[in-house]
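Residue numbers (mature numbering (1 follows the signal peptide of the UniProt record, and there is no 0)): -28 to -1, 1 to 427.
Note that the Cβ used here is the ideal one computed from N, Cα and C, for glycine as well.
Encoded structure:
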């Protein structure tokens, strides 16, 4: 309806516009007729006025033609607009139909979507429950990982503390080693001085012993005094010829070996500090974790076995002691008078030896006391270090007793002495010759005589 009203209104507007234009032209025509009547009546109007009127008429006609062409163009434009409007109305109708169909589809989809949404909600709830379970599992995993991380951090801190303690101990041991080297040098010098003093004392003791044997020859038999003097001279000669140079060579060799061992051990010690010690710590941790239950079971079993063996052996030991005691008393009674006689015979000689050796034994006792003090202090230091190392680990903590620590420290101190004695015995000891197994192989075997039959 709106599209049909638009061309009608446009036509009315165009007719009104033409009427407005045509009214002055009609009036002009009426004026021209009057003018002609007036010209005919007056006959005085000139050619100039007629020409002006003609020009105006021509102008008006040209204006009318322009307006006609304008109207034609406007009508064409209106027709084209009507066509466009009709096409747009068709498009609008099509779109309205599409909108209605889409609304119906949307309503149907909404109905279906409610059902699908319910199913999807159920699925989503199931997924949510599964995800919650997974989240709980992840939380437990994260908590366990955090606990493991804390355990590992605590282990790392313990390992770092142990490393620092070991480094401090190594530094202390190096300091102790340097101090011991200086002490060994001082003791070597003191030993040389003591050897010289001992030689002097031996010479003086030999001279005094000769005097004493001359004066108090009645105390000892003559053959024993001669044997003593011969033995002393032989011991002094053997010491000067073999013992002293051997001792000097041994000290030089030990010092050389010690320096070589220190040079050889420096890179190995650095390698141990950098590579072996952390690897050993990791291995010790793994071994510790794997051996803890076995060690606990072993300790319990050993304690049970010890208690059972102790309870089983105590009556037997008591019986053995009861059986052996009378024999011991008899041996004591039998040997007591002989021992008393030996003591009474040797007492004056021992007293004289004490008097003669008293000025020389003072220095020996003083040096021996210093040695005992240094050895006891070093022994206490070793005991403290062993006790600390045993108390650090849970496995070795029950072994940190006074008896075990004292025994371990004494064993550590006795090891170098035993090694030195073995080394000296291997150097200077003579091997016993084994008897030849096939010594009598060259003897001809005797053939058994055959018995001749009697003729």
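DSSP-derived helix/strand/coil call for residue i
i           : result
residue 68  : helix
residue 365 : coil
residue 408 : Low confidence applies here, because residue 408 scores a pLDDT of 49, under 50, leaving its location unreliable; read the following figure in that light. In the structure shown, residue 408 sits in coil (DSSP, three-state: anything other than H, G, I, E or B).
residue 52  : helix
residue 251 : helix
residue 373 : coil
residue -6  : At residue -6, the pLDDT of 46 sits below 50, so the modelled position is not reliable; the number obtained from the coordinates is stated separately. Of the three classes helix, strand and coil, the one that applies to residue -6 here is helix, per DSSP.
residue 341 : helix
residue 189 : A caution first: residue 189 carries a pLDDT of 45, below 50, which makes its placement in the model unreliable, though a value can still be read off. If DSSP states are grouped into helix, strand and coil, residue 189 belongs with coil.
residue 246 : helix
residue 346 : helix
Where the alpha helix (DSSP H) containing residue i begins and where it ends
i           : result
residue 238 : 216 to 243
Residue nearest to residue i in terms of C-alpha spacing, selected from the options
i           : options            : result
residue 360 : 219, 68, 138       : 138
residue 170 : 212, 52, 113       : 212
residue 208 : 102, 229, 223, 173 : 173
residue 156 : 46, 124, 346, 327  : 346
residue 399 : 214, 128, 98       : 214
residue 217 : 176, 257, 254, 164 : 164
residue 145 : 241, 31, 257, 110  : 241
residue 342 : 355, 158, 201      : 158
task: Could you tell me whether the segment 305 to 314 touches the segment 122 to 136, using the rule of 3 or more Cβ pairs below 8 Å?
output: no
message: For the pair the segment 384 to 396 and the segment 271 to 285, tell me if three or more CB-CB distances fall below 8 Å.
response: no
message: Can you confirm whether the segment 367 to 387 touches the segment 338 to 353 when touching is taken to mean that 3 or more C-beta pairs between the two stretches lie within less than 8 Å?
response: yes
message: Assess contact between the segment 92 to 103 and the segment 314 to 331, defined as three or more Cβ pairs (one per stretch) separated by less than 8 Å. Is contact present?
response: no
query: Fully enclosed by the segment 263 to 335, which beta strand (DSSP E) runs are 3 residues long or longer?
result: none
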